[in-house]
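With mature numbering (1 follows the signal peptide of the UniProt record, and there is no 0) as the guide, the letters of the sequence shown map in order to residues -32 to -1, 1 to 176.
Glycine included, C-beta positions come from ideal geometry on N, C-alpha and C.
Please read all numbers here as calculations on a predicted model, not as lab measurements.
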Amino acid sequence: MLRHLRRPFAAGLVAALAAAALLIAPASPAYAHNVLRKATPAQDAELDTAPTKVTLEFMERLNPQFTTITLSDADKQPVATSEPDVSGTKGTITIDAPLANGVYTVAYRVVSLDGHPVQGSYKFTVADPTAIAEPSPSAEPSEPAETTPAAPTTAPTSAAAASPVADESSGGSGLLVGLVAGGLALVALVVGAVLFLRRRGSASPGAR
(Lines of atoms letter the chains of each structure in order from A and count residues from 1; the text may use other names and numbers.)
(Lines give C-alpha, C1' and ligand atoms only; values in the text may rest on other atoms or scores of the structure.)
Protein backbone atom coordinates (compact mmCIF):
# COMPACT_ATOMS: atom_id res chain seq x y z
CA MET A 1 0.00 0.00 0.00
CA LEU A 2 2.94 2.36 0.72
CA ARG A 3 4.25 1.78 -2.76
CA HIS A 4 0.89 2.80 -4.22
CA LEU A 5 1.06 6.10 -2.27
CA ARG A 6 4.61 6.88 -3.39
CA ARG A 7 3.82 6.63 -7.08
CA PRO A 8 1.10 9.36 -7.16
CA PHE A 9 3.31 11.60 -5.02
CA ALA A 10 6.28 11.18 -7.37
CA ALA A 11 4.10 11.80 -10.40
CA GLY A 12 2.73 14.99 -8.84
CA LEU A 13 6.20 16.22 -7.99
CA VAL A 14 7.39 15.68 -11.53
CA ALA A 15 4.36 17.55 -12.90
CA ALA A 16 4.97 20.46 -10.54
CA LEU A 17 8.62 20.72 -11.57
CA ALA A 18 7.68 20.61 -15.24
CA ALA A 19 5.15 23.41 -14.76
CA ALA A 20 7.72 25.52 -12.91
CA ALA A 21 10.21 24.98 -15.72
CA LEU A 22 7.66 26.18 -18.27
CA LEU A 23 7.07 29.36 -16.26
CA ILE A 24 10.76 30.13 -15.81
CA ALA A 25 11.92 29.28 -19.34
CA PRO A 26 10.30 32.24 -21.23
CA ALA A 27 11.81 34.73 -18.78
CA SER A 28 15.38 33.56 -19.24
CA PRO A 29 15.94 34.83 -22.82
CA ALA A 30 14.76 38.33 -21.79
CA TYR A 31 17.78 38.75 -19.52
CA ALA A 32 20.09 37.70 -22.36
CA HIS A 33 19.50 41.10 -24.04
CA ASN A 34 21.11 44.10 -22.42
CA VAL A 35 18.73 46.81 -21.21
CA LEU A 36 19.32 50.48 -20.31
CA ARG A 37 18.61 50.82 -16.61
CA LYS A 38 19.56 54.44 -15.85
CA ALA A 39 20.65 57.55 -17.78
CA THR A 40 22.19 60.82 -16.66
CA PRO A 41 20.81 63.24 -17.83
CA ALA A 42 17.53 61.37 -17.65
CA GLN A 43 15.08 60.96 -20.49
CA ASP A 44 12.95 64.09 -21.13
CA ALA A 45 14.86 66.00 -18.42
CA GLU A 46 14.85 69.82 -18.56
CA LEU A 47 18.13 71.06 -17.15
CA ASP A 48 18.86 74.51 -15.74
CA THR A 49 22.60 73.89 -16.20
CA ALA A 50 24.20 72.31 -19.25
CA PRO A 51 25.71 68.87 -18.48
CA THR A 52 29.39 68.17 -19.06
CA LYS A 53 28.98 64.43 -19.58
CA VAL A 54 26.42 61.72 -20.35
CA THR A 55 26.40 58.42 -18.42
CA LEU A 56 24.38 55.33 -19.35
CA GLU A 57 24.03 52.35 -17.01
CA PHE A 58 22.89 48.95 -18.37
CA MET A 59 21.73 45.69 -16.83
CA GLU A 60 24.79 43.77 -18.06
CA ARG A 61 28.47 44.49 -18.39
CA LEU A 62 29.49 46.39 -21.51
CA ASN A 63 32.10 45.45 -24.04
CA PRO A 64 34.20 48.58 -24.76
CA GLN A 65 34.82 47.45 -28.33
CA PHE A 66 31.10 47.30 -29.09
CA THR A 67 29.78 50.28 -27.12
CA THR A 68 28.74 53.46 -28.96
CA ILE A 69 27.26 56.58 -27.34
CA THR A 70 26.66 59.76 -29.35
CA LEU A 71 25.09 63.17 -28.79
CA SER A 72 23.39 65.41 -31.40
CA ASP A 73 21.58 68.76 -31.33
CA ALA A 74 18.09 69.74 -32.50
CA ASP A 75 19.33 70.03 -36.10
CA LYS A 76 20.65 66.45 -35.90
CA GLN A 77 24.22 67.73 -36.04
CA PRO A 78 26.74 65.72 -33.98
CA VAL A 79 28.08 67.33 -30.81
CA ALA A 80 31.79 66.88 -30.15
CA THR A 81 32.37 64.36 -27.34
CA SER A 82 34.99 61.91 -26.16
CA GLU A 83 34.94 58.20 -26.91
CA PRO A 84 32.82 56.16 -24.46
CA ASP A 85 34.61 55.40 -21.21
CA VAL A 86 33.32 51.94 -20.24
CA SER A 87 33.46 50.65 -16.69
CA GLY A 88 31.45 47.53 -15.91
CA THR A 89 27.83 48.24 -16.77
CA LYS A 90 28.37 52.01 -17.28
CA GLY A 91 29.41 53.97 -20.33
CA THR A 92 30.27 57.69 -20.14
CA ILE A 93 31.05 60.33 -22.76
CA THR A 94 32.49 63.77 -21.93
CA ILE A 95 31.14 66.81 -23.80
CA ASP A 96 33.95 68.92 -25.28
CA ALA A 97 32.26 72.37 -25.23
CA PRO A 98 29.44 73.90 -23.15
CA LEU A 99 25.99 73.15 -24.56
CA ALA A 100 23.75 76.02 -25.61
CA ASN A 101 20.06 76.04 -24.75
CA GLY A 102 18.10 73.58 -26.86
CA VAL A 103 17.00 69.96 -27.31
CA TYR A 104 19.62 67.18 -27.52
CA THR A 105 19.42 63.50 -28.42
CA VAL A 106 21.49 60.71 -26.86
CA ALA A 107 21.85 57.60 -29.02
CA TYR A 108 23.49 54.34 -27.96
CA ARG A 109 24.34 50.92 -29.35
CA VAL A 110 25.66 48.03 -27.23
CA VAL A 111 26.02 44.27 -27.62
CA SER A 112 24.40 41.74 -25.28
CA LEU A 113 26.15 38.69 -23.88
CA ASP A 114 24.52 36.55 -26.53
CA GLY A 115 25.91 38.82 -29.25
CA HIS A 116 22.60 40.51 -30.00
CA PRO A 117 22.98 44.30 -30.64
CA VAL A 118 20.74 46.61 -28.64
CA GLN A 119 20.25 50.26 -29.60
CA GLY A 120 18.04 53.16 -28.60
CA SER A 121 17.86 56.91 -28.05
CA TYR A 122 16.21 59.55 -25.89
CA LYS A 123 16.10 63.37 -25.59
CA PHE A 124 16.75 65.98 -22.94
CA THR A 125 16.55 69.79 -22.93
CA VAL A 126 18.97 72.46 -21.74
CA ALA A 127 17.14 75.60 -20.54
CA ASP A 128 19.68 77.71 -18.67
CA PRO A 129 17.90 80.91 -17.47
CA THR A 130 21.22 82.74 -17.15
CA ALA A 131 22.20 82.16 -20.75
CA ILE A 132 22.18 85.38 -22.77
CA ALA A 133 21.55 85.21 -26.48
CA GLU A 134 24.23 86.83 -28.61
CA PRO A 135 23.01 90.06 -30.22
CA SER A 136 22.33 89.82 -33.89
CA PRO A 137 24.34 92.10 -36.22
CA SER A 138 21.19 94.12 -36.99
CA ALA A 139 20.69 94.88 -33.28
CA GLU A 140 24.12 96.48 -32.87
CA PRO A 141 23.93 100.26 -32.52
CA SER A 142 25.11 101.97 -35.63
CA GLU A 143 27.61 104.81 -35.40
CA PRO A 144 26.23 108.22 -36.36
CA ALA A 145 27.21 109.20 -39.84
CA GLU A 146 29.70 112.02 -40.05
CA THR A 147 28.17 115.15 -41.48
CA THR A 148 30.09 117.93 -43.16
CA PRO A 149 28.78 121.43 -42.32
CA ALA A 150 27.34 123.05 -45.38
CA ALA A 151 29.16 126.15 -46.60
CA PRO A 152 27.10 129.32 -46.13
CA THR A 153 25.43 130.35 -49.32
CA THR A 154 25.31 134.06 -50.31
CA ALA A 155 23.34 135.67 -53.05
CA PRO A 156 25.48 136.79 -55.98
CA THR A 157 26.23 140.50 -55.79
CA SER A 158 26.86 142.86 -58.68
CA ALA A 159 30.11 144.69 -59.09
CA ALA A 160 28.39 147.94 -58.18
CA ALA A 161 26.92 146.51 -54.99
CA ALA A 162 30.20 144.91 -54.05
CA SER A 163 32.15 148.17 -54.48
CA PRO A 164 30.09 151.30 -53.76
CA VAL A 165 33.28 153.42 -53.86
CA ALA A 166 33.82 152.45 -57.46
CA ASP A 167 30.32 153.64 -58.34
CA GLU A 168 30.95 157.03 -56.78
CA SER A 169 34.29 157.43 -58.53
CA SER A 170 32.84 156.41 -61.85
CA GLY A 171 29.99 158.92 -61.41
CA GLY A 172 32.46 161.73 -60.53
CA SER A 173 34.73 161.01 -63.48
CA GLY A 174 31.73 161.10 -65.80
CA LEU A 175 30.73 164.53 -64.51
CA LEU A 176 34.28 165.84 -64.93
CA VAL A 177 34.45 164.62 -68.49
CA GLY A 178 31.16 166.34 -69.23
CA LEU A 179 32.40 169.64 -67.82
CA VAL A 180 35.66 169.49 -69.81
CA ALA A 181 33.77 168.69 -72.99
CA GLY A 182 31.36 171.58 -72.40
CA GLY A 183 34.25 173.99 -71.77
CA LEU A 184 36.03 172.95 -74.95
CA ALA A 185 32.84 173.37 -76.90
CA LEU A 186 32.35 176.87 -75.46
CA VAL A 187 35.96 177.83 -76.28
CA ALA A 188 35.55 176.55 -79.80
CA LEU A 189 32.37 178.56 -80.18
CA VAL A 190 34.07 181.76 -78.98
CA VAL A 191 37.09 181.22 -81.25
CA GLY A 192 34.80 180.58 -84.18
CA ALA A 193 32.83 183.75 -83.48
CA VAL A 194 36.00 185.84 -83.28
CA LEU A 195 37.32 184.47 -86.55
CA PHE A 196 33.98 185.07 -88.22
CA LEU A 197 33.89 188.72 -87.11
CA ARG A 198 37.47 189.34 -88.31
CA ARG A 199 36.73 187.97 -91.75
CA ARG A 200 33.59 190.03 -92.00
CA GLY A 201 35.40 193.20 -91.02
CA SER A 202 38.13 192.68 -93.56
CA ALA A 203 35.62 192.12 -96.33
CA SER A 204 33.61 195.35 -95.81
CA PRO A 205 34.39 198.51 -98.13
CA GLY A 206 35.20 200.86 -95.31
CA ALA A 207 38.02 198.66 -94.27
CA ARG A 208 39.82 199.31 -97.62
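- In the three-state scheme derived from DSSP, where H, G and I count as helix and E and B as strand, Val71 is classed as strand.
- Distance between Leu39 and Asp53, taken at the CA atoms: about 14 angstroms.
- Distances from the alpha-carbon of Leu67 to those of Ala18, His1, Gln87 put Ala18 closest.
- Measuring C-alpha to C-alpha distances from Thr36 to each of Val158, Met27, Ala75 identifies Ala75 as the nearest.
- Taking the Cα positions, Ala99 is about 24 angstroms away from Tyr90.
- In the three-state scheme derived from DSSP, where H, G and I count as helix and E and B as strand, Leu15 is classed as strand.
- For Val3, there is no enclosing beta strand (DSSP E), since its DSSP letter is neither H nor E.
- In this model, Asp43 and Asn2 are separated by some 29 angstroms (Cα to Cα).
- With a 10 Å radius around the Cβ and a threshold of 16 neighbouring Cβ atoms, Gly59 comes out buried.
- In the DSSP annotation of this structure, Ile63 is not part of any beta strand (DSSP E), being labelled neither H nor E.
- Nearest to Val94 by C-alpha distance, out of Glu14, Leu4, Gly160, is Glu14.
- Excluding residues up to 5 positions away in sequence, nothing lies with its Cβ nearer than 8 angstroms to the Cβ of Val155 in the same chain.
- With contacts defined by Cβ atoms closer than 8 angstroms, Pro97 and Asp16 form a contacting pair.
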